[in-house]
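Here is the structure we will look at.
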Amino acid sequence: MEEKKAVRGGAREKRNSMRAARRKRVTFRCLMLLLPVAHFVLFWVIPNFRSILYAFQYNRVGADMFYHREWSLIQFRFVWEELTRASGNQLLSCIKFSLFYFVLGNGISLPATLLLSYFLYKKIFLYRFYRVVFFLPSIISTVVLAILFRNFFDPVTGTIVKINEMLGGGSVPNFIGNPATKHWAILAFTLWTGFGTNLLVFNGAIGRIPAEVMESTKLDGVGMTRELFQFIVPLIWPTFSTILLMSLGGFFSFVQPILLLEQESMGGNRFSEAGSIGYYIYYYMSTRKELLSALGLCFTALSVPVVFLVRWALNKLSSSIEY
Amino acid sequence: MVKNKIRYKRFTFEKRTPFQRAVFAAVSVLFLLYTVTLIYPFAIAFLNTMKTSAEYWVDPTGLPARFTLRNFALAFSEFKVEEHSYLDMLGNSLLLSVLSAGLAITSSSLSAYILAKYKFRGSGAIYVAAIVLMMLPSIGTLPAMYQLMLDLHFKNNVIGVSLTAANGFGNYFLFLYAAFTTVSWSYAEAAFVDGAGNFWAFFRVMLPQVRGTLLALLLLSFISTWNDYLTPYLYLDRNPTIALGLYRFEIVIRQGSANYPLFFAGVLVSMLPVLVLFLIFSSTLMNNVSVGGLKG
Amino acid sequence: MKKKWLVFCLCALLAIAPLTACKPTTGPVGPEADTTPEVFDEEEMFATPRTLKIYVMDRGYHYAWLEEIAAKYEEKFENVTVDIEPRSMIETDVENTLPLGPEQNDVDLYFSSMPNFSKYYAEQTGTEWGVYSVLEDLTKLYNTKVYGEEVTIREKMNENVTEAMTLSTVNGDAQFALSWAAGACGLLYNTDLFEECGFTVPETTDDLIALLGDVKQYNIQNPGKKVTPFVWTETYWNYLINVWWAQYSGMDAVENFFRCTTNGNVMTPQIEALTEQEGKLEAYKVLETLLANVNDSSGGGTLTNKSAQAIFTNPSKRVLMCPEGDWFETETAANGQDGSMFEIMPTPKLSAAVEKYGSIDAVPQYVYTLASTHGVFIPCYSEEKDIAKHFLTYFYSDEAAAIFTRTTGSFQAFKTDYIREYVQNYSLQDDMTNFRAAQYEVMTTSDLTFFMNLLSPLRYGQAALEEFPIGITPASAFFSKQYTAQTYYNAEVAYYTDNWSTMLRLSGIQ
Chain A
572 MEEKKAVRGG AREKRNSMRA ARRKRVTFRC LMLLLPVAHF VLFWVIPNFR SILYAFQYNR
632 VGADMFYHRE WSLIQFRFVW EELTRASGNQ LLSCIKFSLF YFVLGNGISL PATLLLSYFL
692 YKKIFLYRFY RVVFFLPSII STVVLAILFR NFFDPVTGTI VKINEMLGGG SVPNFIGNPA
752 TKHWAILAFT LWTGFGTNLL VFNGAIGRIP AEVMESTKLD GVGMTRELFQ FIVPLIWPTF
812 STILLMSLGG FFSFVQPILL LEQESMGGNR FSEAGSIGYY IYYYMSTRKE LLSALGLCFT
872 ALSVPVVFLV RWALNKLSSS IEY
Chain B
1315 MVKNKIRYKR FTFEKRTPFQ RAVFAAVSVL FLLYTVTLIY PFAIAFLNTM KTSAEYWVDP
1375 TGLPARFTLR NFALAFSEFK VEEHSYLDML GNSLLLSVLS AGLAITSSSL SAYILAKYKF
1435 RGSGAIYVAA IVLMMLPSIG TLPAMYQLML DLHFKNNVIG VSLTAANGFG NYFLFLYAAF
1495 TTVSWSYAEA AFVDGAGNFW AFFRVMLPQV RGTLLALLLL SFISTWNDYL TPYLYLDRNP
1555 TIALGLYRFE IVIRQGSANY PLFFAGVLVS MLPVLVLFLI FSSTLMNNVS VGGLKG
Chain C
3 MKKKWLVFCL CALLAIAPLT ACKPTTGPVG PEADTTPEVF DEEEMFATPR TLKIYVMDRG
63 YHYAWLEEIA AKYEEKFENV TVDIEPRSMI ETDVENTLPL GPEQNDVDLY FSSMPNFSKY
123 YAEQTGTEWG VYSVLEDLTK LYNTKVYGEE VTIREKMNEN VTEAMTLSTV NGDAQFALSW
183 AAGACGLLYN TDLFEECGFT VPETTDDLIA LLGDVKQYNI QNPGKKVTPF VWTETYWNYL
243 INVWWAQYSG MDAVENFFRC TTNGNVMTPQ IEALTEQEGK LEAYKVLETL LANVNDSSGG
303 GTLTNKSAQA IFTNPSKRVL MCPEGDWFET ETAANGQDGS MFEIMPTPKL SAAVEKYGSI
363 DAVPQYVYTL ASTHGVFIPC YSEEKDIAKH FLTYFYSDEA AAIFTRTTGS FQAFKTDYIR
423 EYVQNYSLQD DMTNFRAAQY EVMTTSDLTF FMNLLSPLRY GQAALEEFPI GITPASAFFS
483 KQYTAQTYYN AEVAYYTDNW STMLRLSGIQ
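Chains as they are written, first to last, in the numbering used here: chain A, 572 to 894; chain B, 1315 to 1610; chain C, 3 to 512.
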């Protein structure tokens, strides 16, 4: 009997100590995750939750001239009506420009960065100097870069005036201010400043390719094009696809260059002729918050499958080489 | 490492075919052109700082009559937005950047470590959720976020605004997760065997293993916050940072004295702190960014 | 274990919920039509030291005028300190500080642009309802006598400007702001160049168009001394379009456009107020003709005002005319440019209106002013609002107005007779530059037209209807030949027609 008690007592002790150890582990994990989860709840869950609430609200003006808040699906109707406006359709124009900036921006910048880093890897003349200089735009404030960019193209005080004179004179084009060329100016600015960190990332990724692999391509007499496209690109594909995935979010949040290059006229801020979706949201932040919330929900719903599709496609394309 | 270095050295002087040499020459020209476009605006801004305002309006792209750094000296006192001096804004930038960077990296290392090294029920789901949520943009929540900041009285509060940076599941989480995955668990096990607890193992054993990445991310985060003007524009309008101050200083100049030489001096002066930081830490930054981040 | 997590989550959600709750509401309070004046007990008011904190717009006129007026006020009344803070982004400051309430905002008086009092009226701001939680009702102040004079502020101010500042509700009319500056905006011309080339100041738009023909001739005959007719900031053409439109259709029609209604009641919008504006079309036609053959020297028609000013004041560019405002001289002087040889011409009368009404004299002489977008107002929770109001009674005195005019070259939005009175009584004409003398002449011989955007729910609410909804200004559209006057007008009409019901719903009316 006493033996049994001793065994049971020993087992109980063992269970208690296991429980204590588990409690310690759980406490450790909870404490470690406290800050990240608290931030997540406060700055992600709550704003999104409130945003969802806004999407179902509507301010009706009563006969007394006051707003009366109601619950309604009308904001989604407004989203549809904004998208299908027959004339003066700002939202559609913004979506168009968002696509323009995203497709052309990434379509030019990512391959260009890849090429740049390839030649830096190949130690082109002055490569160390170029590495530093090309990285500088990502260190320097976009505000500074925008000021200098605008200054260059100023039709009265910019260097463009001198260039225009050298090319024969005539009317100086207002590259940034003219609605017809505004979006090209914004794209040019984005590309001009956008090589920065990606360059280092690709450079680092190429540099991590084992020397033996690159040596073997040399020994096999592989040309530069084959080396780049058949060896280097597949080997750094995980990096490349991560960058691409991360830039997907930029589709909706692209707004800084537009704000910085817009010339404020004394007549007040008018809606930019080359605005993006992010710009639309920023511009109407105080007057149309309910509509923006509904719009956000719609966009999120649409972008979820797109993101997964892109991720699947990128994974399919990669050959998952480990080294 | 040394072996590879020698190998690379051989590559530099390897024979190139005429076609390859032509390609390299063409690319060199392109690189040079791009470099010129990057350097020229700063050079012309620097030259303009030496002109008087009247001189600038007469000949904005020519050489100055006299080479003087007077406007630079003035910029330190004249670069102000309403009641906020350059030093005020510098202080705000410093506080915000240090706090934001510190909180961001702290939060990210905590979550990255737990999810990379401790497998428990739900850890996989949290990781996938983090990736998914990071890819999914939070569109249209700006008004709700703004209202929240007002309700929490975080508006115009530098410390409050820096709390928004304590994101444990963002880009930095990805880099640190990757970094922690490569650190062997045997280090921690050795610490446990010696009687260390979980916290000790994390802070004194595992975290130092990724200090290269940590430092690089801290620097990136610091610089990114330093240069950000949208967040201060929304939440720190009465307590501006340098980036926001520069944006508003331009408006002050444009609507007021139109003394652009002074303005350019202010612009260049605002770049100094970050340039100094870059000069000191350039190799750390440029060698340790393994997955990378995006500007803006 | 699962249950515990569920309970934890529910508790967390419940804990979060209060943070997401809507703010409490108290019942709405409407204005009462008031004809009584403010009564100031000066003895009590100035018994103890008081500080009046002012935010002032730091643009065009800057703020030397306010410093001088404040100094005079401090001389007159002991124990008052006026603390002036210039703000270059005053609109943002107003938006950010007004709703903060007394604990976080200590500003007593704003010299700013127009507050969106209609929007404040309709909304919940802070913890109370509507405009009374942010703005002080200044209706009584309007009924109060100007300091040291027998006339009330309402009697002294231009009644059209006052009406533009009036909130009309079911309970009556109220004013929440006053205008603090009114100068002439329109077509500036280079008097020296006009004299050199032998051009005369046009009286009508046909004359102005004919002038362009004269310019062409002059340029052919003097190839080495070519002149350019215009340089412009695209939005400043509004100063002329608005005048021509008002001359053709009448000020009531212009007001209807901004109020989006033809029966004066902003709560019952009517599409005709927006779509039947022939005067606008006539104005566009003139602008189209003016810009049709102009090849400006740079910028493609989309210059900033600083660039346009730099070109206009540069003698080597030889530009004849430029649409500008009363701040032109002060601004260009700050750039080291000489603006003294430029004068504003009386806005040429619309020839189509002359034809419509039979004679040139039958068409009213209008000038555009920014009086309606320079509003001074008081937060309702200010502890010094009695001093603020008292200060304003002094601000509208002839003495203070003379200081304002002397330092800025602009005027107050008084009735013409009162402007003439204070200018003459303080001999301001003796020191006027050509620019200022021309300003004075035009201000005292023209009626005022101005911008009135904040009155209809279609404009201040979620619909956020802009003045030019097509997204491109008329000047830009005509200069780039993207639109003709007719197609631009048609596009505007089509915009209103296609989107009318959406706009009503967006604004909360339907």
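We put the CB at the ideal spot given by N, CA and C, even for glycine. These numbers were taken from a predicted model, which means no experiment stands behind them.
For the segment 851 to 883 of chain A, the set of positions with a beta-carbon nearer than 8 Å to some beta-carbon of chain C reads Tyr855, Ser857, Thr858, Arg859, Glu861 and Leu862 in chain order.
Assignment of Leu54 (chain C) by DSSP, reduced to helix, strand and coil, places it in the strand class.
Distance from the Cα of Asp400 (chain C) is smallest, within the candidate group C:Phe113, C:Leu214, C:Asp139 and C:Glu152, for C:Glu152. Contacts with chain A (Cβ-Cβ distance below 8 Å) from the segment 1338 to 1366 of chain B involve Phe1338, Val1341, Ser1342, Phe1345, Tyr1348, Thr1349, Thr1351, Leu1352, Ile1353, Tyr1354, Pro1355, Phe1356, Ile1358 and Ala1359, listed in chain order.
Taking C-alpha positions only, Ile273 (chain C) is separated from Met505 (chain C) by approximately 11 Å. Taking a C-beta distance under 8 Å as the contact criterion, Pro1355 (chain B) and Phe760 (chain A) do not qualify as a contact pair.
The closest CA to that of Asn221 (chain C), considering only C:Ala66, C:Thr207 and C:Phe201, is found on C:Phe201. Remark: three or more beta-carbon pairs, one from each stretch, lie closer than 8 Å, so the segment 1442 to 1460 of chain B and the segment 619 to 627 of chain A are flagged as touching.
Around the beta carbon of Ser478 (chain C), 16 or more other beta carbons lie within 10 angstroms, which makes this residue buried. When the beta-carbon positions are compared, Leu1576 (chain B) and Leu1388 (chain B) come within less than 8 Å of each other. A check of alpha carbon separations from Asp208 (chain C) across C:Lys287, C:Lys483 and C:Asn244 identifies C:Lys287 as the nearest.
In this structure, DSSP gives Phe470 (chain C) a state outside helix and strand, which the three-state scheme calls coil. Three or more beta-carbon pairs separated by less than 8 Å link the segment 481 to 498 of chain C to the segment 275 to 286 of chain C, which places the two stretches in contact.
With respect to chain A, the C-beta atom of Val1590 (chain B) has no partner C-beta closer than 8 Å.
In this structure, the straight-line span from the alpha carbon of Trp502 (chain C) to that of Leu663 (chain A) is close to 18 Å.
Below the 7 Å Cβ cutoff, chain C contributes Ser90 and Met91 as neighbours of Ile1565 (chain B), in chain order.
In the three-state DSSP reduction, Ser412 (chain C) falls in the coil class, being neither helix nor strand. Sequence-ordered contacts of the segment 1569 to 1597 of chain B with chain A read Gln1569, Tyr1574, Phe1577, Phe1578, Val1581, Leu1582, Ser1584, Met1585, Val1588, Leu1589, Leu1591, Phe1592 and Ser1596 [C-beta pairs closer than 9 Å]. Residue-level contact by beta carbon fails for Lys147 (chain C) and chain B, as no gap is shorter than 8 Å. Scanning chain C for C-beta atoms nearer than 8 Å to the C-beta of Gln661 (chain A) yields Gly473, reported in chain order. Under the 8 Å criterion on CB atoms, Glu652 (chain A) is classed as interfacial with respect to chain C. Judged by beta-carbon spacing, Tyr368 (chain C) lies beyond the 8 Å limit of Ser482 (chain C), meaning their Cβ atoms are not closer than that value.
Residue C:Ala72 holds the alpha-carbon nearest to the alpha-carbon of Asp85 (chain C) among C:Ile92, C:Ala72, C:Met91 and C:Val96.
Thr168 (chain C) has C:Gln177 as its beta-bridge partners, per DSSP.
Within chain B, no C-beta atom comes less than 8 Å from the C-beta of Phe800 (chain A); the nearest is roughly 14 Å away.
According to the DSSP assignment, Ser1411 (chain B) belongs to the alpha helix (DSSP H) that extends over Tyr1400 to Lys1431. Counting the other Cβ atoms within 10 Å of the Cβ of Thr1351 (chain B) gives fewer than 16, which makes it exposed.
When secondary structure is reduced to three states using DSSP, Val163 (chain C) falls in the helix class. Within the DSSP secondary-structure output, Asp208 (chain C) pairs in no beta bridge. Annotated as distal: Val96 (chain C) and Leu54 (chain C), with beta-carbon spacing of 8 Å or more. For Ile71 (chain C), the enclosing alpha helix (DSSP H) begins and ends at Ala66 to Lys78. Within 10 angstroms of the beta-carbon of Cys382 (chain C) lie 16 or more other beta-carbons, which makes it buried. Against chain C, the beta carbon of Glu1396 (chain B) has neighbours under 8 Å at Glu87, Pro88, Arg89 and Ser90, listed in chain order. Residue environment for Asn886 (chain A): exposed (fewer than 16 other C-beta atoms within 10 angstroms of its C-beta). Against chain B, the CB of Ile747 (chain A) has no partner CB under 8 Å away; the residue lies outside that interface. Residue pairing from DSSP places Val632 (chain A) in a beta bridge opposite A:Tyr638.
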